[in-house]
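Engineer: Counting with this note's numbering, you get residues 554 to 752 for the letters of the sequence shown.
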Amino acid sequence: MGGQITRSTLHDSIGGPFPVTSHRCHHKQKHCPAVLPSGGLPATPLLFHPHTKGSQILMDLSHKAVKRQASFCNAITFSNRPVLIYEQVRLKITKKQCCWSGALRLGFTSKDPSRIHPDSLPKYACPDLVSQSGFWAKALPEEFANEGNIIAFWVDKKGRVFHRINDSAVMLFFSGVRTADPLWALVDVYGLTRGVQLL
């Protein structure tokens with residue numbers, strides 16, 4: 554991805570260290586620590602993309618917090634810059650709304666959000682966006698979508714996406730992400746999840 558500064562230890566988007574244990578994961582939903590990182594530090598803070606977002610998204614002035622204003626969909630958001638391999642995207646669920654089914658969808662895209670017209674965004678990340686080339690996402694299980702929960706997710710060099718909820722064990726979320734191109738984080742503030750904040 555060019556322009557990276559090499560360090561002995563990588564940090565997530567708020568400066569915390571990455572997991573340092575290594576383990577191969579052969580089964581879905583098995584507890585799997587992330588693989589040892591080997592890259593650089595991000596040059597700028599991770600924020601939400603200020604322009605490319607779903608029609609129901611309200612964003613604060615810092616571009617760190619988003620809220621869905623109505624309905625249960627039309628709330629797709631992206632990061633403002635590509636994320637590094639192993640860089641943790643950390644979110645806090647700030648608002649939960651009852652009476653809907655389904656929750657946050659998390660993933661990555663190799664499409665630069667600055668080149669996506671907001672009006673062309675579909676209502677849903679899953680299945681609408683993920684059926685298109687260059688988009689990968691999966692629904693967070695509803696039991697993890699509680700207000701106050703902190704979710705970290707990241708992709709490794711093999712295209713496997715891991716997540717951790719609060720201080721729980723790291724789990725394999727999904728795989729198959731193409732890592733040869735830059736990747737932006739994708740967050741769909743869907744269903745039960747009404748608001749999130751980047752940490």
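All C-beta atoms in this analysis are idealised placements derived from N, C-alpha and C, irrespective of residue type, glycine included. Here the structure is a predicted model, which is why all the values come from computation and not from measurement.
Taking the alpha carbon of R683 as the point to measure from, which residue in F661, N719, H670, T597 has its own alpha carbon closest?
Structural biologist: Note on identity: in this sequence residue 683 is Val, with Arg being the wrong assignment. Answer by Cα proximity: F661.
Engineer: Grab the span of the beta strand (DSSP E) containing W707 for me, first residue to last.
Structural biologist: Secondary structure note for W707: its beta strand (DSSP E) is the uninterrupted segment 703 to 708.
Engineer: Taking 7 Å as the threshold (C-beta atoms), are T605 and P675 in contact?
Structural biologist: no
Engineer: Would you identify the three-state DSSP class for A628, choosing helix, strand or coil?
Structural biologist: coil
Engineer: Which of helix, strand or coil does DSSP assign to A678?
Structural biologist: helix
Engineer: Would you check if the distance between the CB atom of L659 and the CB atom of F706 is smaller than 7 Å?
Structural biologist: yes
Engineer: Could you tell me the distance, in whole angstroms, from the CA atom of K691 to the CA atom of S615?
Structural biologist: 27 Å
Engineer: Would you decide whether V742 is buried or exposed? Buried here means 16 or more other CB atoms lie within 10 Å of its CB.
Structural biologist: buried
Engineer: Would you say Q622 reaches chain D, if we count a Cβ-Cβ gap shorter than 7 Å as a contact?
Structural biologist: Absent from the structure is chain D; it holds one protein chain and no more.
Engineer: Taking only the alpha-carbon atoms, compute the straight-line gap between P735 and P635 and give it to the nearest angstrom.
Structural biologist: 6 Å
Engineer: To the nearest whole angstrom, what separates the beta carbons of A618 and T647, a pair I think is in contact under 8 Å?
Structural biologist: The beta-carbon separation of A618 and T647, rounded to 7 Å, stays under the 8 Å limit for a contact.
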